[in-house]
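Presented below is the structure to which this report refers.
Number of protein chains: 2
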Amino acid sequence: MRGQGHRRRRRGRRAVRMLEPALLLLLHHAPAHGYTLLERLGEFGLGDMNPSAVYRALRGMEEKAWVTSTWDKEQAQGPPRRVYRLTAQGDEVLALWTQDLEGSREKIDYLLGAYRRHMEEGEGEHHSKTAG
Amino acid sequence: MRGQGHRRRRRGRRAVRMLEPALLLLLHHAPAHGYTLLERLGEFGLGDMNPSAVYRALRGMEEKAWVTSTWDKEQAQGPPRRVYRLTAQGDEVLALWTQDLEGSREKIDYLLGAYRRHMEEGEGEHHSKTAG
DNA sequence: CCACACTATGTGCAGTTTGTCAATAGCCAA
DNA sequence: TTGGCTATTGACAAACTGCACATAGTGTGG
Numbered sequence: 002m003r004g005q006g007h008r009r010r011r012r013g014r015r016a017v018r019m020l021e022p023a024l025l026l027l028l029h030h031a032p033a034h035g036y037t038l039l040e041r042l043g044e045f046g047l048g049d050m051n052p053s054a055v056y057r058a059l060r061g062m063e064e065k066a067w068v069t070s071t072w073d074k075e076q077a078q079g080p081p082r083r084v085y086r087l088t089a090q091g092d093e094v095l096a097l098w099t100q101d102l103e104g105s106r107e108k109i110d111y112l113l114g115a116y117r118r119h120m121e122e123g124e125g126e127h128h129s130k131t132a133g
Numbered sequence: 002m003r004g005q006g007h008r009r010r011r012r013g014r015r016a017v018r019m020l021e022p023a024l025l026l027l028l029h030h031a032p033a034h035g036y037t038l039l040e041r042l043g044e045f046g047l048g049d050m051n052p053s054a055v056y057r058a059l060r061g062m063e064e065k066a067w068v069t070s071t072w073d074k075e076q077a078q079g080p081p082r083r084v085y086r087l088t089a090q091g092d093e094v095l096a097l098w099t100q101d102l103e104g105s106r107e108k109i110d111y112l113l114g115a116y117r118r119h120m121e122e123g124e125g126e127h128h129s130k131t132a133g
């Protein structure tokens with residue numbers, strides 16, 4: 002690895018995609034601006050999210066009617082800001098997401114468990130030569 | 002939901018992408034044919050994977066030198082089969098994947114925990130009307 | 001022998017998702 | 001008016017996905 006990772010995607014390649022559920026959860030807590038959400042994503046270990054991705058996700062969720070947005074009347078420094086607010090539908094979706102995430106966690110646990118067991122037993126290691 | 006889910010993606014939208022790590026783990030156990038791997042993915046809850054996706058993933062991993070393939074001399078029913086074999090590099094990648102998965106699991110746990118706590122406290126529910 | 005079913009793998013394409021980069025828009029200070 | 005900070009958006013290419021279909025060999029019934 003590292004040495005010849007010329008095939009590296011720009012970044013990413015995470016196992017999980019938790020942006021949407023994290024946003025829904027934050028909004029379940031309270032309505033918020035995109036920028037605020039962006040900052041609070043750090044709590045979920047998503048502090049490295051690209052702003053564009055976050056705003057895009059929010060617009061997408063609005064299209065799907067999981068959230069609604071209104072323009073903030075209070076004007077702070079900067080352009081008009083949207084306030085995103087969870088809908089009842091978004092609430093349901095969040096519940097579904099959590100179920101999915103539970104399933105995902107089980108799968109991860111299974112895989113991780115299998116990996117560890119395998120390592121402890123010292124089996125495997127069916128390598129061939131590395132092509133480099 | 003349900004009622005107006007016309008925006009539904011064909012399927013998918015799973016939180017996790019575990020195909021590659023699962024394949025690597027299976028190959029860490031022992032070399033195998035694509036078809037065999039395809040069948041054994043069920044163990045990891047990936048029984049619904051599309052064959053194309055699996056073969057494509059294997060070719061991709063070979064390009065990245067995580068695995069190598071050779072033609073199986075033994076001829077069973079059907080066309081010549083490839084035997085995939087983990088490389089030392091693939092072994093490293095698998096280790097990295099597991100680290101990533103551990104991180105992912107922590108994130109999931111955090112999110113799930115936050116969700117439950119929030120539910121128990123009965124806060125939130127900052128809904129607006131559903132746009133439907 | 002020929003058609004056909006079954007095993008196993010691979011390709012092509014269209015639609016979707018993602019990351020990166022750059023643009024816009026308003027306020028404020030110099 | 002230039003430049004900096006706060007917010008939000010758009011455009012584009014690369015990557016990914018699902019689906020339909022092509023190929024290739026082997027065994028089987030007629």
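Residue numbers (this note's numbering), protein chains in the order written: chain Z, 2 to 133; chain B, 2 to 133.
Glycine residues also receive a C-beta, built at the ideal position from the N, C-alpha and C atoms.
The model shown is predicted, which means the values in this text are computed figures rather than measured ones.
Residues bridged to residue i [DSSP beta-bridge criterion]
| i | result |
| --- | --- |
| V68 (chain B) | B:L87 |
| H34 (chain B) | B:V84 |
| V1 (chain B) | Within the shown structure, residues of chain B are numbered from 2 to 133, placing residue 1 (chain B) beyond reach of any answer. |
Nearest to residue i (by Cα), restricted to the options the options
| i | options | result |
| --- | --- | --- |
| R15 (chain Z) | B:L102, B:A115 and B:R118 | B:L102 |
| P52 (chain B) | B:A77, B:L24 and B:T69 | B:L24 |
| M19 (chain B) | B:Y36, B:D49, B:E63 and B:H34 | B:D49 |
| M62 (chain B) | B:A115, B:S105, B:E122 and B:L26 | B:L26 |
| T69 (chain B) | B:R83, B:Q78, B:Q76 and B:R57 | B:R83 |
| G79 (chain Z) | Z:G91, Z:A54, Z:E44 and Z:Y36 | Z:Y36 |
| H30 (chain B) | B:L95, B:Q100 and B:V17 | B:L95 |
| E75 (chain B) | B:H34, B:R41 and B:Y111 | B:H34 |
| P32 (chain B) | B:L113, B:L59 and B:M120 | B:L59 |
| A89 (chain B) | B:K65, B:H119, B:R41 and B:Y56 | B:K65 |
| Y111 (chain Z) | B:R106, B:L112, B:Y111 and B:L113 | B:R106 |
| M120 (chain B) | Z:R117, Z:E93, Z:R118 and Z:P81 | Z:E93 |
Proximal chain B residues relative to residue i, where beta-carbon distance stays under 7 angstroms
| i | result |
| --- | --- |
| M50 (chain Z) | Here the premise fails: no neighbours, minimum Cβ distance about 12 angstroms. |
| H34 (chain Z) | Chain B residues near H34 (chain Z): none, gap ~14 angstroms exceeds 7 angstroms. |
Check: residue i C-beta below 8 angstroms from any heavy atom of the ligand FAD
| i | result |
| --- | --- |
| T69 (chain Z) | Annotation note on the ligand FAD: not contained in the displayed structure, which lists no ligands. |
Residue i vs residue j beta-carbon contact at 9 angstroms
| i | j | result |
| --- | --- | --- |
| W67 (chain Z) | L87 (chain Z) | yes |
| E44 (chain B) | A115 (chain Z) | yes |
| V17 (chain Z) | I109 (chain B) | yes |
| Y85 (chain Z) | L39 (chain Z) | no |
| T99 (chain Z) | L97 (chain B) | no |
| I104 (chain Z) | G46 (chain B) | The question names Ile, but residue 104 (chain Z) in the sequence shown is Gly. Yes, they are a contact pair. |
| G91 (chain B) | L42 (chain B) | no |
Proximal residues of chain B, C-beta to C-beta of residue i below 9 angstroms
| i | result |
| --- | --- |
| M19 (chain Z) | A16, S105, K108, I109 and L112 |
Under 7 angstroms from the C-beta of residue i: neighbouring residues of chain Z
| i | result |
| --- | --- |
| A23 (chain B) | L112 |
Closer than 8 angstroms at the beta carbon, the chain Z residues around residue i
| i | result |
| --- | --- |
| L26 (chain B) | L112, A115, Y116 and H119 |
Identify each residue in the segment 36-48 of chain B for which the Cβ-Cβ distance to at least one residue of chain Z is less than 9 angstroms, and report them in chain order. E44, F45, G46 and L47
| request: Please list the residues of the segment 71-105 of chain B that have a C-beta atom closer than 9 angstroms to any C-beta atom in chain Z, keeping them in chain order. | output: T71, R86, L87, T88, A89, Q90, G91, D92, E93, V94, L95, A96, L97, W98, T99, D101, L102, E103, G104 and S105
Within 8 angstroms of chain B by C-beta, residues of the segment 111-122 of chain Z in sequence order
Y111, L112, L113, A115, Y116 and H119
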